[in-house]
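Engineer:
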Amino acid sequence: MGWSREFIEKVRESTDLTDVARDYGDTKNAGPGKIKMNCPLPNHSEKTPSHYVQKEFFKCFGCGEGGDIFKFIQLLENCDFNESVQRLAGRAGLSPGPEDWIGGSAGEDKRKDLFVAIEMASEIYINRLLDMDNKDAQKARSFLRERGITGAMCQTYGIGYSFPKTKGLTDGLIASLKQPLTKYFKESGTKEVEIPKKIESTLKRAGLASEYQDKTTDFFFSERIMFTIFDSTNRPIAFSGRQLPGGKDPKYRNSPETEIYKKNEILYGLNWAKKHIAKEDRIIICEGQLDVIALLESSLPVAVGPCGTAMTENHVKKLTGYTKNFVLSFDSDAAGQNAAEKFSQWEEKHNLQIKAATLSSGDDPGDYLAQSKLDDLVQQLEKADPFLRWRINRIIHLGKVETIEERVLVANSALQIVKDHHEAMYHDDYVRYIGEKLDLPYTGLRQKFDETSKTPQQKAFQGNQLPPQNRKPPSPIVENQRKAESKETKISTTLGNRVLAVLLHNRQTLEQGEILPNKLKAIFFPTKAQGNVFEALLNSQNVDQAIEQVDQSSEEAQILQELRTSKPNESLTAEIVSKQVGELLIRRIKNELDFLHQEAKATNNLELITGIGDEKTAIKTMEDDGYDLFSSEADFLIEWLHERLEK
Numbered sequence: 000m001g002w003s004r005e006f007i008e009k010v011r012e013s014t015d016l017t018d019v020a021r022d023y024g025d026t027k028n029a030g031p032g033k034i035k036m037n038c039p040l041p042n043h044s045e046k047t048p049s050h051y052v053q054k055e056f057f058k059c060f061g062c063g064e065g066g067d068i069f070k071f072i073q074l075l076e077n078c079d080f081n082e083s084v085q086r087l088a089g090r091a092g093l094s095p096g097p098e099d100w101i102g103g104s105a106g107e108d109k110r111k112d113l114f115v116a117i118e119m120a121s122e123i124y125i126n127r128l129l130d131m132d133n134k135d136a137q138k139a140r141s142f143l144r145e146r147g148i149t150g151a152m153c154q155t156y157g158i159g160y161s162f163p164k165t166k167g168l169t170d171g172l173i174a175s176l177k178q179p180l181t182k183y184f185k186e187s188g189t190k191e192v193e194i195p196k197k198i199e200s201t202l203k204r205a206g207l208a209s210e211y212q213d214k215t216t217d218f219f220f221s222e223r224i225m226f227t228i229f230d231s232t233n234r235p236i237a238f239s240g241r242q243l244p245g246g247k248d249p250k251y252r253n254s255p256e257t258e259i260y261k262k263n264e265i266l267y268g269l270n271w272a273k274k275h276i277a278k279e280d281r282i283i284i285c286e287g288q289l290d291v292i293a294l295l296e297s298s299l300p301v302a303v304g305p306c307g308t309a310m311t312e313n314h315v316k317k318l319t320g321y322t323k324n325f326v327l328s329f330d331s332d333a334a335g336q337n338a339a340e341k342f343s344q345w346e347e348k349h350n351l352q353i354k355a356a357t358l359s360s361g362d363d364p365g366d367y368l369a370q371s372k373l374d375d376l377v378q379q380l381e382k383a384d385p386f387l388r389w390r391i392n393r394i395i396h397l398g399k400v401e402t403i404e405e406r407v408l409v410a411n412s413a414l415q416i417v418k419d420h421h422e423a424m425y426h427d428d429y430v431r432y433i434g435e436k437l438d439l440p441y442t443g444l445r446q447k448f449d450e451t452s453k454t455p456q457q458k459a460f461q462g463n464q465l466p467p468q469n470r471k472p473p474s475p476i477v478e479n480q481r482k483a484e485s486k487e488t489k490i491s492t493t494l495g496n497r498v499l500a501v502l503l504h505n506r507q508t509l510e511q512g513e514i515l516p517n518k519l520k521a522i523f524f525p526t527k528a529q530g531n532v533f534e535a536l537l538n539s540q541n542v543d544q545a546i547e548q549v550d551q552s553s554e555e556a557q558i559l560q561e562l563r564t565s566k567p568n569e570s571l572t573a574e575i576v577s578k579q580v581g582e583l584l585i586r587r588i589k590n591e592l593d594f595l596h597q598e599a600k601a602t603n604n605l606e607l608i609t610g611i612g613d614e615k616t617a618i619k620t621m622e623d624d625g626y627d628l629f630s631s632e633a634d635f636l637i638e639w640l641h642e643r644l645e646k
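Put into structure tokens, the structure is as follows:
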């Protein structure tokens, strides 16, 4: 099964490989109809051009690879022959008909319908945002304008605005897609009687709609700024929806994984950045779409970022096909800094040359676009520290360094980082560097360094590696208490599972009662696993998508499998659910107060439990009032729980 010979030749005749090659790096003339460039193929980096390209063929005299236009795309985009033909056809503006595909039905790759639907949805979202008569999008336009995003940039980067809710559901996108998809399926040879089911199936497969209370709806992305996610060949494949200021949590909602969207493989911005990466020989890795766009608009347009997940090793492997030089520009908060620290586990394995930038005033790259200071952003990124130095500076910044004892403790942590680094040639210089930063003698540090053992490989990455004095391990009694599953804990766990089932089957009830997103949070649940399941369900359209987000051998997966067999409770009202969530909150608060009492007893520190009379009074009031989730007492207890867990 594949493309007809006639169509393949039509694509070949319509494509000039020298034009295609220019998308993958800088080129130089090498004679009539010929260019040369540094080899863009994966696993071959060079400083002197040895890769020659003509209209139909290429040859690299460095790595030995050569072939025609289709092999060029296969090697660079890691795709098969049929997909290379399809990609080049799209680039040339050729639309295949049913007769161009031999041995298949409806014309080609089954995934094509998904690409078409996503592209149509992207255009609809963009038009909704840029239509000045659309008052619903005014708040989104104002927000983007404040962030330095222009209308032209919205067109370039596929930024739009979704539909508002109607009676708890949203069907605006489905209605808007009906006509163009009907036309598309008619033209592709689908029988008219089959088109409605075909449209519904395509929307679900593309992650644009889901089944909710026996109805196909698209409420998942309601009232959000929509960022179109593209694959590396510039095909729209998914969306990331950002909440408006003051909008409903979570801040970002991303399309579920589909046949064309794999979160651990896709990097936002790579489709635009890749042609510049070869020239710069480096990649800047950011966190959010606005951060990536800011850099793409700068004189250093080589930024990418993960989509709907943290950076994974799969992402790193993909990027090493372009360059081994990474510059990290993550958020200045603890989560962002830990995300940067995570690269230490891949540095040696993938032979990476990493730098990390610390932007002034704790700003993110997107802030520089909003302030029209992109030149300042580029200057700061050019001054990024080598990764090992950045890690040492971070440890010193996190620690207390007022006394000699404190400086020694911080130095021990910094020395361990140096000891674990694979490049021994760096060690002595960084031992001296630590001494200079902490005002400690080199000889003593060097002796301590020589006595230090490397961290076992499986423990080398610790995330937020605070110096020892910054970590406060719980006492054995408290630890045992936290692990003990008392009768009360079992009751709380059962109640937590009940609330999770409501989220799965009766989400509309939670939203209509304003329990979501204003009240119910992951911290209400008695176990970390239940909290993680809550987050997974909140960011998914069904239980299968939630299961994809968790480790398949984890407790979270087990909970989700049990929820799969549960049934919706049609008799539930918002009032009933509100009381259940209120009771869940009270049990969580009581549990935390019990931990406080145990810790106070174990450490003989009664100060831990002084001043909690207000909390107990609020609990009693809520219990007497039937667990009123919208009372001032509930707000007080939620705030206390947040503060308690942040300590």
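Numbering that gives the first Met the number 0 puts the first residue of the sequence shown at 0, with every later residue one more than the last.
Glycine residues also receive a C-beta, built at the ideal position from the N, C-alpha and C atoms.
Treat the numbers as computed from the prediction; the structure is a model and nothing was measured.
For residue 522, report the span of its alpha helix (DSSP H) as first-last.
Structural biologist: Indexing the sequence shown from 1 puts residue 522 at position 523. No alpha helix (DSSP H) contains residue 522, which DSSP labels as neither H nor E.
Engineer: On the three-state DSSP scale, how would you describe residue 642?
Structural biologist: Taking the sequence shown and counting its residues from 1, one reaches residue 642 at position 643. The answer is helix: DSSP assigns residue 642 an H, G or I state.
Engineer: For the putative contact between residue 110 and residue 258, defined by C-beta atoms under 8 Å, what is the C-beta separation to the nearest angstrom?
Structural biologist: To locate residue 110, count along the sequence shown from 1; it is residue 111. To locate residue 258, count along the sequence shown from 1; it is residue 259. The Cβ separation is near 5 Å, so the contact holds.
Engineer: In the DSSP assignment, what residue or residues form a beta bridge with residue 385?
Structural biologist: Within the sequence shown, the letter at position 386 stands for residue 385. Paired residue(s): 354.
Engineer: Does the count of Cβ pairs from the stretch 362-382 and the stretch 430-446 closer than 8 Å reach three?
Structural biologist: Segments in contact, no.
Engineer: Checking 7 Å against the spacing of the C-beta atoms, do residue 324 and residue 352 come in under that value?
Structural biologist: For the purposes of this step, residue 324 is taken as residue 325 along the sequence shown, with counting starting at 1. For the purposes of this step, residue 352 is taken as residue 353 along the sequence shown, with counting starting at 1. Going by C-beta atoms, residue 324 is nearer than 7 Å to residue 352.
Engineer: Out of curiosity, what's the CA-to-CA distance linking residue 231 and residue 51?
Structural biologist: Residue numbering aside, residue 231 sits at position 232 when the sequence shown is read from its first letter. Residue numbering aside, residue 51 sits at position 52 when the sequence shown is read from its first letter. When rounded, the distance between both Cα atoms is 23 Å.
Engineer: Reducing DSSP to helix, strand and coil, say where residue 150 ends up.
Structural biologist: Working through the sequence shown from its first residue, we reach residue 150 at position 151. Helix at residue 150.
Engineer: Once you ignore the five residues that flank residue 222 on each side, which residues in its own chain have a CB closer than 6 Å to its CB?
Structural biologist: Indexing the sequence shown from 1 puts residue 222 at position 223. For residue 222, where only same-chain residues beyond five positions count, the Cβ hits under 6 Å are 163.
Engineer: I'd like to confirm the pairing. Which residues does DSSP put opposite residue 631 in its beta bridges?
Structural biologist: Taking the first residue of the sequence shown as 1, we reach residue 631 at position 632. Answer is none; residue 631 lacks a bridge partner.
Engineer: Determine the extent of the alpha helix (DSSP H) in which residue 73 is found, giving its start and end residues.
Structural biologist: Taking the sequence shown and counting its residues from 1, one reaches residue 73 at position 74. Residues 68-76.
Engineer: From 159, 311, 183, pick the residue whose C-alpha is nearest to that of residue 242; which is it?
Structural biologist: Counting from 1 along the sequence shown, the entry for residue 242 is found at position 243. Of 159, 311, 183, the residue nearest in Cα terms is 159.
Engineer: Indicate whether the contact test is met: 3 or more Cβ pairs, each with one atom in the stretch 45-60 and one in the stretch 19-29, closer than 8 Å.
Structural biologist: With the cut-off at 8 Å, the stretch 45-60 and the stretch 19-29 touch.
Engineer: In whole angstroms, give me the CA-to-CA distance for residue 384 and residue 327.
Structural biologist: Locating residue 384 in the sequence shown gives position 385, counting from the first residue. Locating residue 327 in the sequence shown gives position 328, counting from the first residue. Straight-line Cα distance between these residues: approximately 10 Å.
Engineer: Please determine whether the Cβ atom of residue 221 lies at a distance below 6 Å from any heavy atom of the ligand GTP.
Structural biologist: With respect to small molecules bound, the structure shown includes none, and the ligand GTP cannot be examined in it.
Engineer: On the DSSP bridge list, what partners appear for residue 251?
Structural biologist: Locating residue 251 in the sequence shown gives position 252, where the first residue counts as 1. Note: residue 251 sits in a beta bridge opposite 241.
Engineer: For a test of the three-state rule: what should DSSP assign to residue 422, helix, strand or coil?
Structural biologist: For this step, residue 422 is matched to residue 423 along the sequence shown. Residue state, collapsed to three classes: coil.
Engineer: Quick one, are the C-beta atoms of residue 291 and residue 269 less than 7 Å apart?
Structural biologist: If you number the sequence shown from 1, residue 291 lands on position 292. If you number the sequence shown from 1, residue 269 lands on position 270. Cβ distance not < 7 Å, so residue 291 and residue 269 don't count as in contact.
Engineer: How big is the Cα-Cα spacing for residue 181 and residue 541?
Structural biologist: Position 182 of the sequence shown holds residue 181. Position 542 of the sequence shown holds residue 541. Taking the straight line from one Cα to the other gives about 26 Å.
Engineer: Along the chain, where does the beta strand (DSSP E) containing residue 304 start, and where does it finish?
Structural biologist: Here residue 304 refers to the residue found at position 305 of the sequence shown. Counting along the chain, the beta strand (DSSP E) containing residue 304 begins and ends at 302-305.
Engineer: Taking the CB atoms as reference points, tell me whether residue 306 and residue 236 lie closer together than 7 Å.
Structural biologist: The residue labelled residue 306 in the question sits at position 307 within the sequence shown. The residue labelled residue 236 in the question sits at position 237 within the sequence shown. The answer is no: Cβ separation not under 7 Å.
Engineer: Determine the closest residue to residue 356 out of 388, 9, 350, with distance taken between C-alpha atoms.
Structural biologist: To locate residue 356, count along the sequence shown from 1; it is residue 357. Minimum Cα distance to residue 356 is reached at 388.
Engineer: Shortest alpha-carbon distance to residue 45 belongs to which of 62, 34, 55?
Structural biologist: In the sequence shown, residue 45 corresponds to position 46, counting from 1. Measuring from the Cα of residue 45, the nearest candidate turns out to be 62.
Engineer: On the DSSP bridge assignment, give the partners of residue 50 in chain order.
Structural biologist: Sequence index remark: in the sequence shown, residue 50 carries index 51 (1-based). According to DSSP, which records beta bridges pairwise, residue 50 is partnered with 36, 59.
Engineer: From residue 209 to residue 266, what does the alpha carbon distance come to, in whole angstroms?
Structural biologist: Looking up residue 209 in the sequence shown gives position 210. Looking up residue 266 in the sequence shown gives position 267. Roughly 25 Å between the two C-alpha positions.
Engineer: Using C-beta distances below 7 Å, list every residue in its chain close to residue 308, excluding the 5 sequence neighbours before and after it, in chain order.
Structural biologist: Taking the sequence shown and counting its residues from 1, one reaches residue 308 at position 309. Excluding sequence neighbours, residue 308 sits near 262, 263.
Engineer: Just grab the DSSP bridge partners of residue 227 for me.
Structural biologist: Position 228 of the sequence shown, counting from 1, holds the residue named residue 227. Its beta-bridge partners are 238.
Engineer: I need the straight-line Cα distance from residue 200 to residue 516, nearest angstrom please.
Structural biologist: One-based indexing of the sequence shown puts residue 200 at position 201. One-based indexing of the sequence shown puts residue 516 at position 517. Going from the Cα of residue 200 to the Cα of residue 516 covers about 29 Å.
Engineer: Can you tell me which of the three DSSP states residue 342 falls into?
Structural biologist: Within the sequence shown, residue 342 is the residue found at index 343, counting from 1. Three-state result, residue 342: coil.
Engineer: Looking only at its own chain, which residues have a Cβ that is under 7 Å from the Cβ of residue 458, when we skip the five neighbours before and after it?
Structural biologist: Residue mapping note: residue 458 aligns to position 459 of the sequence shown, counting from 1. Reliability of the predicted coordinates at residue 458 is poor, the pLDDT of 45 falling under 50, and no value is obtained from them.
Engineer: Name, in chain order, the residues that DSSP records as bridge partners for residue 325.
Structural biologist: The count along the sequence shown starts at 1 and reaches residue 325 at position 326. Paired residues: 282, 353.
Engineer: Apart from the five residues just before and just after residue 127, which ones in its own chain have a Cβ nearer than 8 Å to its Cβ?
Structural biologist: Counting from 1 along the sequence shown, the entry for residue 127 is found at position 128. Contacts found: 133, 135, 136, 159, 160, 161, 162.
Engineer: Can you tell me whether residue 444 is helix, strand or coil according to DSSP?
Structural biologist: As a first step, residue 444 is located in the sequence shown; it is residue number 445 there, counting from the start. Residue 444 falls in the helix class under three-state DSSP.
Engineer: Please list, in chain order, all residues of the same chain as residue 644 whose beta carbon is under 7 Å from its beta carbon, the five residues on each side excluded.
Structural biologist: Walking along the sequence shown from the start, residue 644 turns up at place 645. The answer, listed in chain order, is 522.
Engineer: In terms of residue numbering, what span does the beta strand (DSSP E) encompassing residue 160 cover?
Structural biologist: Sequence index remark: in the sequence shown, residue 160 carries index 161 (1-based). Residues 158-160.
Engineer: Under the three-state reduction of DSSP, which class applies to residue 210: helix, strand or coil?
Structural biologist: Within the sequence shown, residue 210 is the residue found at index 211, counting from 1. It is a strand residue.
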